[in-house]
Amino acid sequence: MPVFDTRFRSCLRENRPLVGFFTGITSPALVEMAGYANFDFVIIDNEHGPAGIETTEHMIRAARSAGIVPLVRMSGANPQEILRTLDIGAAGVQVPQVNTREQAKLVVDAVKFPPMGNRGVAYSTRAGGYGFFGGLEHIQASNEHTVVITHIETVEAVNNLEAILTVKGIDVLFVGPSDLSVSMGYPGNPGHPEVQATIASCLKRIAAAGITPGVLITNKDEFHKYAALGARFMPIMATTVIIGAMKGLIAGTKETLGIK
4 MPVFDTRFRS CLRENRPLVG FFTGITSPAL VEMAGYANFD FVIIDNEHGP
54 AGIETTEHMI RAARSAGIVP LVRMSGANPQ EILRTLDIGA AGVQVPQVNT
104 REQAKLVVDA VKFPPMGNRG VAYSTRAGGY GFFGGLEHIQ ASNEHTVVIT
154 HIETVEAVNN LEAILTVKGI DVLFVGPSDL SVSMGYPGNP GHPEVQATIA
204 SCLKRIAAAG ITPGVLITNK DEFHKYAALG ARFMPIMATT VIIGAMKGLI
254 AGTKETLGIK
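In the numbering used here, the protein residues as written are 4 to 263.
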């Protein structure tokens, strides 16, 4: 059987809200904690995070040991980078700054083996069980179960959304509030009414096309808000969780002791 998780696409098809842990912190232990905390998936952030390919592989191993689905956000739509990430056992890739139908198709082609795409074949990789799994089984399982996620995070991508929705093989379209707010002229203000209206419109259009809508959340209220708009793939940043816990603990402790 493949080393990557085969359940996640089934979870997406069930159309239930999924909560993920989005981390750029290079810690396999933190990935395990997210699994034990019962997050549905973890995204290893290799766009803004410092992890190299070897650290990413260990974080993917940690995810599997803790029963959490490992996804990797790439630095961009680089087919060779996508290939190496899938070869080390990622259950799927999430690709930022995908603004056109052509770019979205490039991502799908990089993820899927022929005839569905043009991913290069190797059976000696971790994803291929180092050669212990049958070659045909590896190809078929990879094409069936590997998750493809692309971002909608610029005005250009929003304007091209209808065309992007026609690309076969995309499982999740992920709306990025921070980059979108900058692209719309509201830097540092993803809560601006125009940005939020655009996010809501995108989520509804994505859901109507039969693709899973995703969006970044920062708290449980946003989870419920975006879920009501159709979002089903909702990660929260590890730093948001950790800093929130730190601030809450310190503030509560100092207040109890009367310390300002």
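All C-beta atoms in this analysis are idealised placements derived from N, C-alpha and C, irrespective of residue type, glycine included.
From a predicted model like this one, the values you see are computed outputs, not experimental measurements.
Point to revise | Reduced DSSP category for residue 4 - H, G, I as helix; E, B as strand; rest coil | key: Reading the sequence shown from its first residue, position 1 is the one you call residue 4. Confidence at residue 4 is low in this model, with a pLDDT of 48, below 50, so the placement of that residue is unreliable and no value is reported for it.
Point to revise | Identity of the residue in 249, 207, 63 and 46 nearest residue 230 by Cα | key: Within the sequence shown, residue 230 is the residue found at index 227, counting from 1. Among 249, 207, 63 and 46, the Cα nearest to that of residue 230 is on 207.
Exercise for review: State the beta-bridge partners of residue 155 as determined by DSSP.
Suggested key: Along the sequence shown, read from residue 1 onward, the residue named residue 155 stands at position 152. DSSP, once it has assigned bridges, lists 178 as partnering residue 155.
**Study point:** Candidates 140, 87 and 147, of which the one nearest residue 115 by Cα
**Key:** Within the sequence shown, the letter at position 112 stands for residue 115. Ranking the options by Cα distance to residue 115, first place goes to 147.
Practice item. Would you kindly check if the distance between the Cβ of residue 31 and the Cβ of residue 62 is under 8 Å? Key: If you number the sequence shown from 1, residue 62 lands on position 59. If you number the sequence shown from 1, residue 31 lands on position 28. Yes. Within cutoff.
Practice item. Take the Cβ of residue 156 as the centre, count every other Cβ of all protein chains shown within 10 Å, and call the residue buried at 16 or more, exposed below. Key: Within the sequence shown, numbered from 1, the residue matching residue 156 stands at position 153. Looking at its Cβ environment, which holds 16 or more other Cβ atoms inside 10 Å, residue 156 is buried.
Review point. Since residue 97 sits in a beta bridge, which residues does DSSP pair it with?
Key: Taking the sequence shown and counting its residues from 1, one reaches residue 97 at position 94. In the DSSP assignment, residue 97 is bridged to 76 and 152.
Check your understanding: How would you call residue 18, buried or exposed, if buried means at least 16 neighbouring beta carbons within 10 angstroms?
Key -> Taking the sequence shown and counting its residues from 1, one reaches residue 18 at position 15. Exposed, because fewer than 16 other Cβ atoms sit within 10 Å of the Cβ of residue 18.
Check your understanding: Between the C-alpha atoms of residue 248 and residue 255, what's the straight-line distance to the nearest angstrom?
Key -> The residue you call residue 248 lines up with position 245 of the sequence shown. The residue you call residue 255 lines up with position 252 of the sequence shown. C-alpha separation (whole angstroms): 11 Å.
Practice item. Give me the Cβ distance between residue 217 and residue 236, rounded to the nearest whole Å; I'm assuming they're in contact under 8 Å. Key: Residue mapping note: residue 217 aligns to position 214 of the sequence shown, counting from 1. Residue mapping note: residue 236 aligns to position 233 of the sequence shown, counting from 1. Confirmed, about 3 Å.
**Study point:** Meets three-Cβ-pair contact criterion under 8 Å: the stretch 124-139 and the stretch 184-191
**Key:** Remark: fewer than three beta-carbon pairs, one from each stretch, lie closer than 8 Å, so the stretch 124-139 and the stretch 184-191 are not flagged as touching.
Point to revise | Helix, strand or coil at residue 237 [DSSP, three-state] | key: Taking the sequence shown and counting its residues from 1, the one referred to as residue 237 is at position 234. In the structure shown, residue 237 adopts extended strand secondary structure according to DSSP, grouped into three states.
Exercise for review: Taking only the alpha-carbon atoms, compute the straight-line gap between residue 341 and residue 192 and give it to the nearest angstrom.
Suggested key: Outside the displayed span of the chain (4 to 263) sits residue 341, for which this structure offers no information.
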